[in-house]
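Numbering of the sequence shown is given in our numbering, commencing with residue 225 and proceeding in unit increments.
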Amino acid sequence: MRRLLPLIGTPGSHPGGRSALTCRFRCGDACFHEVPNTSDNAYVGDVIAGAIGRRSMMRAAAVVTVATATGAAVVGTGAQDAQAAQGVDGGAAARTGHTVDQAARGLRFSPVAPNTADAVTVPGGYGQNVVIRWGEPILRGAPAFDPEHQTAKAQAGQFGYNNDFLALLPLPGERGRQLLVANHEYTDEVLMFRGYDPANPTREQVEVAWAAHGLSAVVVEEDRRTGRLTAVTRHALNRRVTATTEFRLTGPAAGSDLLKTSADPTGRKVLGTLNNCSGGTTPWGTTLHGEENFNQYFANASRDTDKRYGLGTGATERKWERFDKRFDVAQEPNESHRFGYVVEFDPYDPSSRPRKHTALGRFKHEAATVRLTDDGRPVVYTGDDERFDYFYKFVGSKRMRHGSSRSVREHNLSLLDEGTLYVARLTGDSPAADIDGSGKLPADGEFDGSGEWIPLATATARGAVSHVDGMTAEEVLVFTRLAGDKVGATKMDRPEDIQPSPHTGKVYVVLTNNTNRGKAGSAGADEANPRNANKHGHILELTERRGRAEATTFGWSLFLVAGDPADPATYFAGFPKDRVSPISCPDNVAFDPHGNLWISTDGNQLGSHDGLLGVATKGERRGELKQFLTVPTGAETCGPIIQDRRVLVAVQHPGEIDGASVEKPASTWPDGPGKIVRPAVVSVWRTDGCDIGV
């Protein structure tokens, strides 16, 4: 059986700064298991090491102290107010000789200081409120949240747990309203149930957890006087999707023998979606959701393919296999093959059945972001969030249609079932001898390279073709990691969110961290991942050939190497390092209307709480990085949405600190002492009614 980590220790004692509690419940102790990828493919990490030193020497100013603003705590009093801390203008600008007005447009605010406040901390002059919390009723007939008497029936009508990806969609004809869609990545039963016994969960607790996973759609309404957003309960478009909702498997692997089970001999329908992390919105009005650490829900695995996906050989943490045999690989060997896909959800049709798109491959999808080719075909970028794994691109072959008729929507819902799936291979421009993992400047003085998209499989209306020797198309799409191994894809440091810029077309690939880089038995440094024992992460900038989304080659360069700016190994696109905020473990990203990239963090290794930062990607202030907010104790910043007048974040797993429980909470957010800790969505706005950061 798998060893369970004790609930002891200190924050930062686990990889990526996560607590043991986070490691157990979110990803099944992935960092304490053997790395699933044991192939001989080149390791991208070393490429960037030289890059950092090279460009820093050529373009960055001397390292001084990091500019931060002072802060003061403010506790909200209304039922919808978060506990807050607001930064105060002044000190940072004076120390750096840099005023707020001089910053890149969209980033003109005093940066929030790194801190450990048990609050959402925002800049001076900004307000905030909690939009919706775990357990708030959103469907007709759902009861008010009662943490002492939770039931699966109640939870199925209430907002789910651990909100991650967020999307805000327009609601034509409903002035001042938008449709909020949220992922619910995982449950943390120790923080949900009083007296929870991890060795002996009850059926009711398990069924509540099933209902707390999945997705929520809820209409939200704006108060134009204050900027506050509130949920509209019991709206006709409000919806919950859970671990027991019926999904449709689509694409070339649907119906394969690899996907058939005793409950579904057709291999075309599956119950539920699990561990939805980040996602994306589509130009045709749907949302995409990436099933990430699905492996942790399945017990008693034994096959080599299971090992490549990180499935355990014994019991699971949650013990769901005791209550449904589909979570026991020994009894249902194909059930786990039905998770690890990109899910498509139509939030405008409450009767629609969500889809899992097999053409986009099966792995730990962190995100799925979409742009169109010049002729209207979809291109989807997605990362596999695992140490030494890969990132991918899908290029569709069918064009999007415009309109809102049922036939148009059905056509557009099929766009991700036909096309070609690719995996990335990166090559550095420096000789291997120049890359030693120390950050030493290579002889060519550059830190960039070229790359190619290697085709894995192509799906058409008539069937699918594999481009990988020794694997059928169905095998490629169900065991996509093995296909990447075979074609020599480049090993990365946990590829997470990938975002194409709507302003420049450049693509930003977020690598969160990889403390195993360079260790004995693990791949060493190369020219695309910056440091050995990479605990802070980095971001690559890709330029597709001729700026075409469907191109099969690209150039890449180092955009940002995270960490303390006083560390010579860090790099901020050449911007002076005495004028940036520190950053550690970048995760989800989003663009604002001005073309700045906003970065949420997960697992800060610099001793302060996770947060949200904005960085300029173009112009003379390219690389200017400023912290906009931080989240409470134990929490992660997720799902950023940056609008003209509002920023939304999902505050995930607050209070998730080793040793914490309902009886011994590590956080009192968002409702104060004596109340159960609850993940929630927070809205932030300028109190003077002006646009964010201008």
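Glycine included, each C-beta is placed from N, C-alpha and C at the ideal position.
DSSP beta-bridge partners of residue i
{"i": "LYS580", "result": "LEU473 and VAL567"}
{"i": "GLY451", "result": "Looking at the DSSP assignment, GLY451 forms no beta bridge with any residue, so it has no partner."}
{"i": "MET695", "result": "Bridge partners of MET695: none, in fact."}
{"i": "CYS919", "result": "The requested residue 919 is not part of the displayed model; the chain covers only 225 to 918."}
{"i": "PHE618", "result": "VAL604 and LEU645"}
{"i": "PHE796", "result": "LEU784"}
{"i": "SER352", "result": "In the sequence as presented, Ser is not what sits at residue 352; that position holds Gln. Its beta-bridge partners are VAL908."}
{"i": "HIS589", "result": "ASP608"}
{"i": "VAL873", "result": "VAL906"}
{"i": "CYS862", "result": "ALA874"}
{"i": "ASP613", "result": "MET716"}
Neighbourhood of residue i by C-beta distance below 6 Å, restricted to the same chain and skipping five residues each side
{"i": "ARG364", "result": "ARG458"}
{"i": "VAL594", "result": "GLY504, THR506, PRO602 and VAL604"}
{"i": "ALA423", "result": "none"}
{"i": "VAL702", "result": "ALA477, LEU482, HIS561 and ARG586"}
{"i": "ARG579", "result": "ARG472, THR474 and GLU568"}
{"i": "GLY491", "result": "GLY479, SER480, LEU483 and LYS484"}
{"i": "ASN519", "result": "TYR533, GLY534 and LEU535"}
Own chain residues within Cβ distance below 7 Å of residue i, not counting five before or after
{"i": "VAL588", "result": "Sequence inspection shows Lys at residue 588; the Val mentioned does not correspond to that position. Cβ neighbours of LYS588 beyond the five flanking positions: GLU516, ASN517, GLY564, ASP608, ASP609 and GLU610."}
{"i": "GLU887", "result": "ARG418"}
{"i": "ASN820", "result": "ALA328, GLY330, LEU331, GLY838, VAL839, ALA840 and THR841"}
{"i": "ASP915", "result": "ASP868 and ARG869"}
{"i": "VAL918", "result": "ARG329, GLY330 and ARG332"}
{"i": "ASP270", "result": "Confidence in ASP270 is poor, its pLDDT being 38 and thus under 50, which makes the residue's placement unreliable; the coordinate value appears in the next sentence. For ASP270, where only same-chain residues beyond five positions count, the Cβ hits under 7 Å are ILE659, GLY661, GLY748, ALA749, ASP750, GLU751 and ASN753."}
{"i": "ALA554", "result": "ASN524"}
Segment limits, alpha helix (DSSP H) that includes residue i
{"i": "LYS377", "result": "376-379"}
{"i": "ALA436", "result": "427-436"}
{"i": "VAL414", "result": "413-416"}
{"i": "LEU706", "result": "704-710"}
{"i": "HIS635", "result": "630-637"}
{"i": "THR529", "result": "528-532"}
For residue j and residue i, the rounded distance between their alpha carbons
{"i": "GLY400", "j": "GLU446", "result": "5 Å"}
{"i": "ASP750", "j": "PHE783", "result": "16 Å"}
{"i": "ASP658", "j": "LYS715", "result": "19 Å"}
{"i": "ALA296", "j": "PRO856", "result": "Confidence is the limiting factor: at ALA296 the pLDDT is only 30, short of 50, which leaves the residue's position unreliable, though a coordinate-based value still follows. One C-alpha to the other measures close to 14 Å."}
{"i": "LEU395", "j": "THR262", "result": "48 Å"}
{"i": "SER576", "j": "ASP570", "result": "7 Å"}
{"i": "ILE272", "j": "HIS691", "result": "Below a pLDDT of 50, predicted positions are generally treated as unreliable, and ILE272, at 39, falls in that range; the measurement from the model is reported next regardless. Rounded to the nearest angstrom, the two C-alpha atoms are 30 Å apart."}
{"i": "TRP508", "j": "ASP598", "result": "15 Å"}
{"i": "ARG452", "j": "ASP342", "result": "21 Å"}
{"i": "VAL733", "j": "ASP826", "result": "15 Å"}
{"i": "ALA391", "j": "ARG427", "result": "32 Å"}
{"i": "THR777", "j": "ALA376", "result": "49 Å"}
{"i": "THR739", "j": "VAL785", "result": "15 Å"}
{"i": "GLN379", "j": "GLY359", "result": "7 Å"}
{"i": "ARG527", "j": "ALA656", "result": "36 Å"}
{"i": "HIS373", "j": "THR411", "result": "17 Å"}
{"i": "TYR572", "j": "PRO347", "result": "35 Å"}
{"i": "LYS531", "j": "GLY858", "result": "30 Å"}
{"i": "LEU403", "j": "VAL632", "result": "21 Å"}
{"i": "ILE276", "j": "ALA793", "result": "Because ILE276 sits at a pLDDT of 40, beneath the cut-off of 50, its placement in the model cannot be relied upon, and the following sentence gives the value as read from the coordinates. The alpha-carbon atoms of ILE276 and ALA793 are separated by roughly 6 Å."}
{"i": "GLU698", "j": "GLY831", "result": "46 Å"}
{"i": "LEU872", "j": "GLY879", "result": "20 Å"}
{"i": "GLU431", "j": "HIS437", "result": "10 Å"}
{"i": "ASP653", "j": "GLY779", "result": "11 Å"}
Limits of the unbroken beta strand (DSSP E) element including residue i
{"i": "GLU515", "result": "511-515"}
{"i": "ASP388", "result": "387-394"}
{"i": "ALA337", "result": "Element bounds for ALA337: n/a, residue is neither H nor E."}
{"i": "ASP721", "result": "719-724"}
{"i": "ARG595", "result": "593-596"}
{"i": "LYS493", "result": "493-495"}
{"i": "PRO655", "result": "Run containing PRO655: none; DSSP gives neither H nor E here."}
{"i": "PRO679", "result": "672-684"}
{"i": "GLU765", "result": "762-768"}
{"i": "THR345", "result": "344-346"}
Chain-order list of residues whose beta-carbon lies under 8 Å from that of residue i (same chain, five-residue window excluded)
{"i": "HIS635", "result": "LYS622 and ARG625"}
Any C-beta of chain D under 8 Å from that of residue i
{"i": "THR426", "result": "The displayed structure is made up of one protein chain only, and chain D is not part of it."}
Worksheet item: Can at least three beta-carbon pairs, one atom from the region 465-485 and one from the region 495-507, be found at a separation below 8 Å?
Response: The region 465-485, when compared against the region 495-507, does touch it at the 8 Å Cβ threshold.
Fill in: Three or more C-beta pairs below 8 Å linking the region 678-690 and the region 535-550
Not touching, per the Cβ criterion.
Item to complete: Count the C-beta pairs between the region 720-728 and the region 801-821 that are closer than 8 Å, then say yes if the count reaches three, no if not.
Response: Counting Cβ pairs under 8 Å, three or more are found: they touch.
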